[in-house]
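Undergrad: For reference, the structure I am asking about is given below.
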Amino acid sequence: MGQIPVLGLKHRKKQRAVLATVQIPKKSFVWSTLVLVCFVGFTFSSVWLLLPGFHSWQPAAATVTTVVKPNIIVTETVEFPDETVVFLKYPPSTPLFTKDDLYCHYVTPNLSQYPESVENDELSGQQLVRCPLIKPRGVLTSLSVESTGDTFSFGPTRRWNSLAYEAMIDRDNTTIVFVKGFNLRGGKQSDPSKFKCVFGWDVKNPKFVLQSDAVSVAQEVVRCNTPMSILNNPQRVIGSNMNQPIKVSVRMVGKQPLESTASPQRYLQPNLPGQKQHEMCVCTMLRNQASFLKEWIMYHTRIGVQRWFIYDNNSLDDIDDIIKVLSMDGNINVTRHVWPWVKTQEAGFSHCALRARDVCEWVGFMDVDEFFHLPTGMSLLDILRNQSNYPSSKVAELRVSCHNFGPSGLKHVPAQGVTMGYNCRMIAPERHKSIVKPEALNSTLINVVHHFHLKSEFRYANMDRNVIVINHYKYQVWDVFKEKFYRRVATYVSDWQQERNVGSRDRAPGLGTRAVEPPDWSSRFCEVIDTGLKDRVAEMFTDPNTGRLPWQNH
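Going by UniProt numbering, the sequence shown opens with residue 1, and the numbers climb by one from there.
In structure tokens:
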């Protein structure tokens, strides 16, 4: 990625969009009447949040950066291990930037360069501009528009690992907050009495926040009661021109709240009776898997998956283009949600489960290198309908065993795809992945990637491997496999370059912590030939005229 010298920014003309930093005075109003409203269950440090009619008064000493014309604002800036992400909010119908439209500007050293990518996230209505970190001490100071020289400055940069980063208002009017920084135990509930949720425009200012009790706390998910004023208008703004939604954070009792980029949004629908729109959906989190996505989605769509939720965890490939192509197929319903949060797979799956709950009867949580194989020739919908024929059984989770496949003698990525190329695996199955009913999930949303905790009245069933199994193409050719050394997406799984949990089953046996290809890699993890799925894929998808598969490059 080339670097270019710092540009001298043009003097902006009066009619051009200008950057305005607005300092809001502490005393800008006179109260003639003070109405004190109290609600049981909440601690209010400030009355102004409870007064929905007041829009002219602002919190003390709040600084907001905005662009007057067009009204594009920098809402947040978050620093990650490899990059700084700048969040831009646009008015409707405003043309979006591309990566070639913007420069990232730094000091120490003084330089500018194009962002690594500019991502459009339809769910949040924002663009994410990803500026690389400049080492050893480069500080990102602003963005500029190449064609005009107009500049977007921004306030404090937040750290990814001590942050309330997402929030949703649930059907029961509780607020679910996704947080990093408490380092709670995986798979366990924590004592909610030790935590409080904090609502306000400046969650660090105790004079101007609302606090509420935590209902449940587990892993990186906190569920809290929601103040009535937030429920009535979660999108209320400060003033008429500043589009600053209220934020929510979490604090431990006796300590300061985490920094926050999270605004409580009501994405979720009320619990409507009747049949769900889709019987079978899939949630996944991925990074740089675009080249494998067509095969994975086309195959699973054919056997019964009806809706796809793709959580894109900082991909730099052409995944957006691949998803657009797939979406043109009338049988494929797939959406991509930009999820920049590092090492948050469990929280991301909880977030996805909530979104899928409104439209999906069952949801599978799996990776792009995992394929359902049904040896009897049934479809996924056949299996799910068989379970639905026995509602009294209260089965709400189907646990499916995984067979791990090795490189199968290959040294290069198989042109026909993973299901056709890899046919040698380990004999014994390892672990499982789950298909769950999201309506049956425990309200804590605890999951350990492989399975969720269910409400007490529901149970799980272990599926017969002769009926359904997962082919996990875990150990592919080295050029593909070595990417696992970059960073593991799960919160409670150590990165492979760390000298920690080196004996974990998550790691490749015998590899250690360095991405160095063993001489015998292509022949490892091969104990039994298994062509069951390969044969079925060939039968289902091979073009009789060309002998090609639909996901092969032309």
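Quick reminder that beta carbons are idealized off the backbone N, C-alpha and C, glycines included.
Computed from a prediction, not measured in an experiment: that's the story for all the values here.
#1: When the distance is taken between beta carbons, is V537 closer than 8 Å to T419?
#2: For the alpha helix (DSSP H) that N232 lies in, which residues bound it at each end?
#3: R357 by DSSP, collapsed to three states: which one?
#4: Just to confirm the assignment, what range does the alpha helix (DSSP H) spanning A295 have?
#5: For N553, count the other beta carbons within 10 Å of its own beta carbon; 16 or more makes it buried, fewer makes it exposed. Which is it?
#6: Answer yes or no: the CB of P192 versus the heavy atoms of the ligand GTP, is any distance below 7 Å?
#7: Grab me the residues of D121's own chain with a C-beta within less than 7 Å of its C-beta, minus the 5 sequence neighbours each way, in chain order.
#8: Go through the stretch 87-146 residue by residue and report every complete run of the beta strand (DSSP E) that reaches 3 residues or more, in order.
#9: For E527, collect the residues of the same chain with a Cβ closer than 6 Å to its Cβ; drop the 5 residues on either side in sequence, then sort them by chain order.
#10: Indicate whether P438 and R514 have their beta-carbon atoms separated by less than 8 Å.
#11: Please name the residue or residues paired with R251 in a DSSP beta bridge.
#12: Taking Cβ positions, are I319 and V334 nearer each other than 8 Å?
#13: Tell me where the beta strand (DSSP E) around S212 begins and ends.
#14: Where does H412 land, buried or exposed, given buried means 16+ other C-beta within 10 angstroms?
#15: Answer with buried or exposed for R223, where buried requires no fewer than 16 other C-beta atoms within 10 angstroms of its C-beta.
#16: Please say whether L326 and I276 have beta carbons closer to each other than 8 Å?
#17: State yes or no: is the C-beta of residue 557 within less than 8 Å of the C-beta of V449?
#18: Can at least three beta-carbon pairs, one atom from the stretch 181-200 and one from the stretch 244-264, be found at a separation below 8 Å?
#19: Classify residue 596: buried if its beta carbon has 16 or more other beta carbons within 10 angstroms, exposed otherwise.
#20: Am I right that V436 and M366 are in contact with their C-beta atoms under 8 Å? What's the rounded C-beta distance?
#21: Taking G417 as the reference, give the member of T542, T157, V363, I73 with the closest Cα.
#22: Tell me, to the nearest whole angstrom, how far the beta carbon of I176 is from that of V209; I am working on the premise that it is less than 8 Å.
#23: Rounded to a whole number of angstroms, what is the C-alpha to C-alpha distance between L316 and D82?
#24: Less than 8 Å between the beta carbons of T77 and T141, yes or no?
#25: Quick one, are the C-beta atoms of L258 and L163 less than 8 Å apart?
#26: Excluding sequence positions up to five away, which residues of its chain have a Cβ less than 8 Å from the Cβ of D100?
#27: Checking the sheet assignment: what are the DSSP bridge partners for C402?
#28: What span of residues does the alpha helix (DSSP H) with F481 cover, start to end?
#29: Output the distance between the C-alpha atoms of P519 and W478, rounded to the nearest integer angstrom.
#30: Once the 5 residues before and after N423 are set aside, which same chain residues still bring their CB inside 8 Å of it?
#31: I need the straight-line Cα distance from P206 to G138, nearest angstrom please.
#32: For the beta strand (DSSP E) containing R336, list its first residue and its last residue.
#33: Take C360 as the anchor and find which of Q306, S393, S379, H403 has the nearest alpha-carbon.
#34: In the DSSP assignment, find the unbroken alpha helix (DSSP H) run with I383 in it and report its ends.
#35: Between N462 and E346, how many whole angstroms is the CB-CB distance? I'm expecting something under 8 Å.
#36: Would H451 and R385 be called neighbours here (beta carbons separated by less than 8 Å)?
TA: On the basis of the supplied data:
#1: By one-based count along the sequence shown, residue 419 stands at place 419. By one-based count along the sequence shown, residue 537 stands at place 537. For T419 and V537, yes; Cβs fall inside 8 Å.
#2: Position 232 of the sequence shown, counted from the start, is the residue given in the question as residue 232. Here the alpha helix (DSSP H) through N232 covers 228-232.
#3: Residue mapping note: residue 357 aligns to position 357 of the sequence shown, counting from 1. Looking at R357 - three-state DSSP - the assignment turns out to be helix.
#4: As a position in the sequence shown, residue 295 is number 295, starting the count at 1. In the sequence under discussion, the amino acid at residue 295 is Glu, which differs from the Ala named in the question. E295 -> alpha helix (DSSP H) spans 290-302.
#5: Within the sequence shown, the letter at position 553 stands for residue 553. Looking at its Cβ environment, which holds fewer than 16 other Cβ atoms inside 10 Å, N553 is exposed.
#6: As for the ligand GTP, it is missing from this structure, which has no ligand bound.
#7: Position 121 of the sequence shown, counting from 1, holds the residue named residue 121. Result list for D121: L128, H337, V338, in chain order.
#8: Counting whole runs of 3 or more residues, the stretch 87-146 contains the beta strand (DSSP E) stretches 102-107, 111-113, 117-121, 126-132, 139-145.
#9: Position 527 of the sequence shown holds residue 527. So the list reads M426, I427, once near-sequence residues are dropped.
#10: What you label residue 438 is simply residue 438 of the sequence shown in a count that begins at 1. What you label residue 514 is simply residue 514 of the sequence shown in a count that begins at 1. Not a contact, by the Cβ cut-off of 8 Å.
#11: For this step, residue 251 is matched to residue 251 along the sequence shown. Bridge partners of R251: K196.
#12: Position 319 of the sequence shown, counted from the first residue, corresponds to residue 319. Position 334 of the sequence shown, counted from the first residue, corresponds to residue 334. Between I319 and V334, the C-beta gap is not smaller than 8 Å, which leaves the two residues out of contact.
#13: For the purposes of this step, residue 212 is taken as residue 212 along the sequence shown, with counting starting at 1. 210-218 is the extent of the beta strand (DSSP E) around S212.
#14: Within the sequence shown, residue 412 is the residue found at index 412, counting from 1. By the 10 Å Cβ count, H412 comes out exposed.
#15: Stepping through the sequence shown from its first residue, residue 223 is reached at position 223. Buried.
#16: Indexing the sequence shown from 1 puts residue 276 at position 276. Indexing the sequence shown from 1 puts residue 326 at position 326. In the sequence as presented, Ile is not what sits at residue 276; that position holds Lys. Taking 8 Å as the Cβ cut-off, K276 and L326 do not qualify as a contacting pair.
#17: With the chain represented from 1 up to 554, any question about residue 557 goes unanswered, as that position is not in the structure.
#18: By the Cβ criterion, the stretch 181-200 is in contact with the stretch 244-264, since at least three pairs of Cβ atoms, one from each stretch, lie closer than 8 Å.
#19: In the structure as shown, the chain starts at 1 and stops at 554, and residue 596 therefore has no counterpart that could be examined.
#20: For this step, residue 436 is matched to residue 436 along the sequence shown. For this step, residue 366 is matched to residue 366 along the sequence shown. With a Cβ gap of about 12 Å, V436 and M366 do not count as contacting.
#21: Here residue 417 refers to the residue found at position 417 of the sequence shown. Closest by C-alpha distance to G417, out of T542, T157, V363, I73, is T542.
#22: On the sequence shown, position 176 is the one that residue 176 refers to. On the sequence shown, position 209 is the one that residue 209 refers to. Incorrect: roughly 19 Å between the Cβ atoms, too far for contact.
#23: Along the sequence shown, one-based indexing puts residue 316 at 316. Along the sequence shown, one-based indexing puts residue 82 at 82. Looking at the two C-alpha atoms, the distance is approximately 13 Å.
#24: Translated into positions along the sequence shown, residue 77 becomes position 77. Translated into positions along the sequence shown, residue 141 becomes position 141. The Cβ atoms of T77 and T141 lie no closer than 8 Å to each other.
#25: Walking along the sequence shown from the start, residue 258 turns up at place 258. Walking along the sequence shown from the start, residue 163 turns up at place 163. Contact annotation: L258 and L163 have beta-carbon atoms nearer than 8 Å.
#26: Indexing the sequence shown from 1 puts residue 100 at position 100. For D100, where only same-chain residues beyond five positions count, the Cβ hits under 8 Å are Y114, E146.
#27: The residue you call residue 402 lines up with position 402 of the sequence shown. According to DSSP, C402 bridges with I470.
#28: Translated into the one-based positions of the sequence shown, residue 481 becomes position 481. Per DSSP, the unbroken alpha helix (DSSP H) holding F481 starts and ends at 478-481.
#29: Reading the sequence shown from its first residue, position 519 is the one you call residue 519. Reading the sequence shown from its first residue, position 478 is the one you call residue 478. If I take the Cα positions, the gap works out to 11 Å.
#30: Walking along the sequence shown from the start, residue 423 turns up at place 423. Excluding residues within five positions, the ones whose Cβ falls inside 8 Å are F405, S408, I529, D530, T531, K534.
#31: On the sequence shown, position 206 is the one that residue 206 refers to. On the sequence shown, position 138 is the one that residue 138 refers to. About 33 Å.
#32: Looking up residue 336 in the sequence shown gives position 336. Where R336 is concerned, the enclosing beta strand (DSSP E) stretches over 334-338.
#33: Stepping through the sequence shown from its first residue, residue 360 is reached at position 360. Cα-wise, what sits closest to C360 is Q306.
#34: For the purposes of this step, residue 383 is taken as residue 383 along the sequence shown, with counting starting at 1. Start and end: 380-388.
#35: In the sequence shown, counting from the first residue as 1, residue 462 sits at position 462. In the sequence shown, counting from the first residue as 1, residue 346 sits at position 346. Your pair N462 and E346 does not check out as a contact, with CB atoms roughly 22 Å apart and the cut at 8 Å.
#36: Taking the sequence shown and counting its residues from 1, the one referred to as residue 451 is at position 451. Taking the sequence shown and counting its residues from 1, the one referred to as residue 385 is at position 385. Result no, Cβ atoms of H451 and R385 do not sit closer than 8 Å.
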